[in-house]
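Engineer:
Right, dumping it as structure tokens:
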């Protein structure tokens, strides 16, 4: 009953929350709108060519022939492969500061904790 109550409250917030969010002090609270969710749901299934997706996934697992093609392969992978990690503004240097911080932590003996959220690899929705 508690879980049902929580879902009903979240649904009510989802339905009435302003699209542009609410300003609370210096913090802006946003909640996804049901219109955006429904539009994404309808758009994502309307024009999906399953064969091309499966072919692209299969192609992503092909081995690279020769070491001269390795850089081209990885560049193509991070820019166009459906299994790639989508980076903000397609900036492939996005994680460089994270890698530097991780290397610094390793050198100094500090622990780095990384939280993983979601199961996108299972759902093929990234």
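Numbering (my numbering), first residue to last: 46 to 171. Positions of the beta carbon are idealized from the N, C-alpha and C atoms, including for glycine.
1. Look up residue 56 in the DSSP assignment and say whether it is helix, strand or coil.
2. Terminal residues of the continuous alpha helix (DSSP H) containing residue 258?
3. Is the beta carbon of residue 55 closer than 7 Å to that of residue 78?
4. Checking 7 Å against the spacing of the C-beta atoms, do residue 60 and residue 76 come in under that value?
5. Just curious, the alpha helix (DSSP H) that residue 143 is in, first and last residue?
Structural biologist: Let's see:
1. helix
2. The structure shown has nothing for residue 258, since the chain only spans 46 to 171.
3. no
4. no
5. 141-153
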